[in-house]
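*Asks:* Have a look at the structure that comes next, please.
There are 2 protein chains.
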Amino acid sequence: MAKIKLQDIAEICRLDISTVSRALRDDPVVKSGTRKRIQKTAASLGYRPNLLARNLAGGRTRTIWLILPSLDATIDQQLVRHASHYANQQDYTLFVALHDSDNFGDLVGRSCEHYRQILESAAQGTADGVIVVPRRGADDAYLLKDLINQEFPIVFLDNHPDGLASSAVTSENESGARELTRRCLEGGATGAILLFSEPNTAAQARLEGTRAELRQCGVPFVEQLTPEGLENLGSCIAIIASSQTHHILPFVAKNGQHFKDKTLIFGVFDDWVGEPAPAKTVYVAVQDAAAMAKFAIDRVIAQIEKRPDSVQRMVRVPILEFKESMTYRTQ
Amino acid sequence: MAKIKLQDIAEICRLDISTVSRALRDDPVVKSGTRKRIQKTAASLGYRPNLLARNLAGGRTRTIWLILPSLDATIDQQLVRHASHYANQQDYTLFVALHDSDNFGDLVGRSCEHYRQILESAAQGTADGVIVVPRRGADDAYLLKDLINQEFPIVFLDNHPDGLASSAVTSENESGARELTRRCLEGGATGAILLFSEPNTAAQARLEGTRAELRQCGVPFVEQLTPEGLENLGSCIAIIASSQTHHILPFVAKNGQHFKDKTLIFGVFDDWVGEPAPAKTVYVAVQDAAAMAKFAIDRVIAQIEKRPDSVQRMVRVPILEFKESMTYRTQ
DNA sequence: TTGTACGCGTTATCAA
DNA sequence: TTGATAACGCGTACAA
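Note that the protein sequences, when read in sequence, are chains A and B.
Using our numbering, the first residue of the first sequence is number 700, and each one after it goes up by one.
Using our numbering, the first residue of the second sequence is number 700, and each one after it goes up by one.
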């Protein structure tokens, strides 16, 4: 059978469509008897209201999109999880869209196009607001400018494009990186290798924090691995980076021969899965994904409901904790 | 300024709204000159077509939802990534919704409610079809039954509820688990511990495959760890499970004292991050996420476009590869 | 080549 | 308490 609509129910019940509409939304203005009757026949027919029509008429969707480049990093997965949860609590539905999913090496440029399409779609009535996790430098700034100018509710999360006057939620990356670095030094590091090559504001802030701390403590470090540079770093080298998966382990696997006679310490953000080997210790700066997600959702909703957004444009969430990674050794 | 609509542009250009509508979709029937003029003024006004209205009028959204419980497992992330990519290639947009995100321990039952809501929303015109990764046994069967009966395009991925006559795409879990087990035995295992406690069809198939192989080879195994059971397993124990994160490492961490004098071998699906320690070797059965995603998308689209779906109800994708996990040891 | 008029499925504002 | 009717913004036969 085809899709049941209000009209069908109305005809069966010999009532007007508007009465049916009210009854199905439990409007107490409809007489309790007819209301029940309508609801029963609706259920028996397997009626489902058409959300497109409903949202079109209502002017809002109670839907927020979380748009991010990928789910590779642990923090991304956690943000999705918490944002979805918290949005749900606020009676919004959160949808996730990936915009970097085209980067499989087939079609360059298509990814950006896809990104643009997603943002457009969101702003075209399908979502009440969006939370965007940008990734590739300022490539996307011009895409977002329009939306912001038209006051479409938008909040940046984790990273934020430079020079856009809009809400943003991120971690205290700079001071977090300083603290992480401090731990590595307390752990005995005599020098450091910095792996923060991503061209985004979060990685840059971390890089700067790390540099600042190392300089202040007078500890040598390099950002590119050269034989000469390595000599200055001493016997206990801290490798400090954003994440395990993309940076440290591949890096160590590739340059293993250089570290033969060295002791290694790793410093990373968010998590370390598995054994810390080949490091002596792994220090982890854990971002507060729950708080970040909560702030982001709150601020989009504030914009959606046109509540006067808090003065503060940029929210920096403190690092949740600094810890040494667990080891599963049996001895 | 408020939202621009076709009417606004029509008035400015002194044309009918329908002409504007055609021009903005590059309909060649509109005279090239006026088409350009219309497009220019539209752009200058920052016009965005309302997708709700467009989809309502058009009857379709070119949107597919991928609904899954969480993103904890690597396979989930890969499925999202590939599905998003492939859907995009087919000119569909893929949205991801999590339905288990409420399981933070606050409100029991709310998760199921949320799940229902998401499925309903999808079927209410917002999506042309859905791909569902179910997780908790057959809890959700009744939710899905309605949708299937009403011929709403739906494909199950990874797992599938029992007894529902609908399309499903999954891995060759049973034979995959057999092969994985074989590898563990070739690696020297004298006994095995099986950790497949999840109440879903994928884990069950794997459990059965593992059991079958072990029985055939006459190798002792346990599914619950007891002191007596442990004695029979010999000195080299294979721990075989679905994933690293949720099962093996916590299990070993908890029961470490029992394994003091044993050699361990791990057998898992999808991936192993970090060092294999405390195991001698880790064998990994890697699922073919790309193929799974592709099949799933293809089959939803087939249903959406009412093409006669292939006779085969259930697609079982072969395991991509069996490998030993990489090690990053520097010596 | 452009305009008219109706449909998409709901909600909301009247009037009855 | 219910019914008629106008939005919501756009697509599209059909007519001009």
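All C-beta atoms in this analysis are idealised placements derived from N, C-alpha and C, irrespective of residue type, glycine included.
Verify the CB distance criterion: does B:Val829 have a CB-CB separation below 8 Å to chain A?
*Replies:* No, B:Val829 does not count as interfacial toward chain A.
*Asks:* Where does A:Thr873 sit, in a helix, a strand or coil, going by DSSP?
*Replies:* According to the sequence displayed, residue 873 of chain A carries Glu and not Thr. Looking at A:Glu873 - three-state DSSP - the assignment turns out to be helix.
*Asks:* Which of the three DSSP states, helix, strand or coil, is assigned to B:Thr889?
*Replies:* B:Thr889: coil per DSSP, three-state reduction.
*Asks:* Using a threshold of 8 Å, state whether the C-beta atoms of B:Arg834 and A:Leu770 are closer than that.
*Replies:* No, they are not a contact pair.
*Asks:* Could you tell me which of B:Pro860, B:Glu912, B:Glu850 and B:Gly862 sits nearest to B:Thr880, measuring between CA atoms?
*Replies:* Answer by Cα proximity: B:Glu912.
*Asks:* Following the continuous beta strand (DSSP E) through B:Leu843, name the residue where it begins and the one where it ends.
*Replies:* Careful: B:Leu843 lies outside any beta strand (DSSP E), inside the alpha helix (DSSP H) at Ala840 to Asn848.
*Asks:* Report yes or no: do three or more beta-carbon pairs, one from the segment 991-1003 of chain A and one from the segment 853-870 of chain A, lie closer than 8 Å?
*Replies:* Cβ pair count under 8 Å is three or more, so yes.
*Asks:* Distance, Cα to Cα, B:Val829 vs B:Asn754?
*Replies:* Rounded to whole angstroms, B:Val829 to B:Asn754 spans 17 Å at the Cα level.
*Asks:* Could one say the Cβ of A:Leu767 lies closer than 8 Å to chain B's Cβ atoms, at least one of them?
*Replies:* By this cut-off, A:Leu767 is not an interface position.
*Asks:* Would A:Ala891 and A:Ser941 be called neighbours here (beta carbons separated by less than 8 Å)?
*Replies:* The answer is no: Cβ separation not under 8 Å.
*Asks:* Mind checking which residues open and close the beta strand (DSSP E) that includes A:Thr980?
*Replies:* Looking at the DSSP string, the run of the beta strand (DSSP E) that includes A:Thr980 is Thr980 to Val985.
*Asks:* Among the candidates A:Gly758, A:Val983 and A:Asp775, whose CA atom is the shortest distance from the CA of A:Ala826?
*Replies:* Of the candidates A:Gly758, A:Val983 and A:Asp775, the one whose C-alpha sits nearest the C-alpha of A:Ala826 is A:Gly758.
*Asks:* With distances taken between CB atoms, is the gap from B:Thr733 to B:Ile711 smaller than 8 Å?
*Replies:* No, they are not a contact pair.
*Asks:* What is the rounded straight-line gap between the Cα of B:Asp715 and the Cα of B:Pro748?
*Replies:* Each residue's Cα considered, the two are about 16 Å apart.
*Asks:* Are A:Trp764 and A:Ala701 touching if we call contact CB-CB under 8 Å?
*Replies:* No, the pair does not count as a contact, with Cβ atoms beyond the cut-off.
*Asks:* Is DSSP giving B:Leu767 helix, strand or coil here?
*Replies:* Strand.
*Asks:* Are the C-beta of A:Leu751 and some C-beta of chain B separated by less than 8 Å?
*Replies:* Answer yes: the Cβ-Cβ gap between A:Leu751 and chain B drops below 8 Å somewhere.
*Asks:* Given a cut-off of 8 Å, decide if B:Leu744 and B:Ile703 are closer than it, judged by their beta-carbon atoms.
*Replies:* In contact: B:Ile703 and B:Leu744 (Cβ atoms closer than 8 Å).
*Asks:* How long is the line joining the alpha carbons of B:Glu930 and B:Asn872, rounded to whole angstroms?
*Replies:* The straight-line gap from Cα to Cα measures roughly 29 Å.
*Asks:* Please confirm if A:His946 has its CB atom under 8 Å from at least one CB of chain B.
*Replies:* It does not; no Cβ of chain B falls within 8 Å.
*Asks:* Which residues mark the beginning and the end of the beta strand (DSSP E) in which A:Gly966 is found?
*Replies:* Segment Thr962 to Phe968, the beta strand (DSSP E) holding A:Gly966.
*Asks:* Taking the Cβ atom as the reference point for each residue, do B:Val983 and B:Leu1019 lie within a distance shorter than 8 Å?
*Replies:* Contact flag unset, no.
*Asks:* I'd like the list of long-range same chain contacts for B:Ser1108, defined as Cβ closer than 8 Å, with 5 residues on each side in sequence excluded.
*Replies:* This structure cannot speak to residue 1108 of chain B, because chain B is shown only from 700 to 1030.
*Asks:* Assign A:Pro768 to one of two classes, buried (16 or more other C-beta atoms within 10 Å of its C-beta) or exposed (fewer than that).
*Replies:* Classification for A:Pro768: buried.
*Asks:* Can you look up A:Arg713 in the DSSP assignment and give me helix, strand or coil?
*Replies:* Looking at A:Arg713 - three-state DSSP - the assignment turns out to be coil, as it is neither helix nor strand.
*Asks:* With distances taken Cα to Cα, identify the nearest neighbour of B:Asp790 among A:Thr792, A:Ala952, A:Gln816 and A:Phe968.
*Replies:* Checking every option, the nearest Cα to that of B:Asp790 belongs to A:Gln816.
*Asks:* In its own chain, which residues sit with a C-beta less than 7 Å from the C-beta of A:Leu963, not counting the 5 before and 5 after it?
*Replies:* Answer for A:Leu963: Ile936, Ile938, Pro977, Ala978 and Lys979, listed in chain order.
*Asks:* List the residues of chain A that B:Leu770 touches, going by C-beta distances under 8 Å, in chain order.
*Replies:* Neighbours of B:Leu770 on chain A, chain order: Leu770, Gln776, Val779 and Arg780.
*Asks:* Output, in chain order, the set of chain B residues within a Cβ distance shorter than 7 Å of A:Ile938.
*Replies:* In chain order: nothing, as chain B lies at least about 12 Å away.
*Asks:* Out of B:Gly875, B:Gln943 and B:Asp845, point me to the one whose CA is closest to B:Arg910's CA.
*Replies:* Minimum Cα distance to B:Arg910 is reached at B:Gly875.
*Asks:* Roughly how many angstroms separate the alpha carbons of A:Gln923 and A:Gly966, rounded to a whole number?
*Replies:* Cα to Cα, A:Gln923 sits roughly 17 Å from A:Gly966.
*Asks:* Under three-state DSSP, which class holds B:Leu932?
*Replies:* Three-state result, B:Leu932: coil.
*Asks:* Where does A:Gly757 fall in DSSP's three states?
*Replies:* A:Gly757: helix per DSSP, three-state reduction.
*Asks:* Residues in its own chain within less than 8 Å of B:Ile847 by CB, not counting five upstream and five downstream?
*Replies:* The answer, listed in chain order, is Ile853, Leu863, Ala864 and Ser865.
*Asks:* Let me see if you follow: with CB-CB separation under 8 Å, is B:Ile716 close to chain A or not?
*Replies:* With 8 Å as the cut-off, B:Ile716 does not count as an interface residue toward chain A.
*Asks:* How would you call B:Ala904, buried or exposed, if buried means at least 16 neighbouring beta carbons within 10 angstroms?
*Replies:* Answer is buried; the Cβ neighbour count reaches 16.
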